[in-house]
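FYI, in the numbering used here the residues of the sequence shown are 823 to 943.
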Amino acid sequence: MSPVRSCSRTACRQPAVFTLTYVYADSTAVLGPLATYVEPHCYDLCAEHAERLTAPRGWEVVRLPSESVSPSGDDLEALANAVREAARPAPAAGEPVGQAVEVGRRGHLRVLKSAQPNRER
């Protein structure tokens, strides 16, 4: 089975780029970007068949915008900055969050026990 979905129209082997769905209650045909998964009662269409699509008399065709907009330079720069920020180690605090005492070791694993804080009253 091919990973690329093809057009649902008979004898068309072009790759699908749009998904057509009928909303019978509203007499509407909705043509949108290719669905992530194959859905029952939806039809995958190539660009040529999507462009030539007509609906039955009395029906409305709704064409949703395609998601094939490429990211702008600002978007890519913001993404790169976010990745850099996430990769930076967290600043070391003055004190460790918790104190522990090593009570055992097996290979590279350590068994730790929480140290009891000194409480003076």
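Even for Gly, the Cβ is constructed at its ideal location relative to N, Cα and C.
For residue i and residue j, I'd like the C-alpha separation in whole angstroms.
i	j	result
Trp881	Arg874	15 Å
Asp896	Asn903	10 Å
Arg885	Phe840	10 Å
My output table needs one value for residue i: the three-state DSSP class, helix, strand or coil.
i	result
Arg906	helix
Leu901	helix
Gly895	helix
Ala877	coil
Ala872	helix
Val933	strand
So, using beta-carbon positions, are residue i and residue j closer together than 8 Å?
i	j	result
Ala869	Ala851	no
At a cut-off of 7 Å, would you count residue i as near the ligand SAM, judging by its Cβ distance to the nearest heavy atom?
i	result
His930	Of ligands this structure carries none, so the ligand SAM is not represented either.
Starting from the N-terminal side, write out each stretch of the alpha helix (DSSP H) that is 4 residues or longer and does not extend beyond the segment 840–865. none
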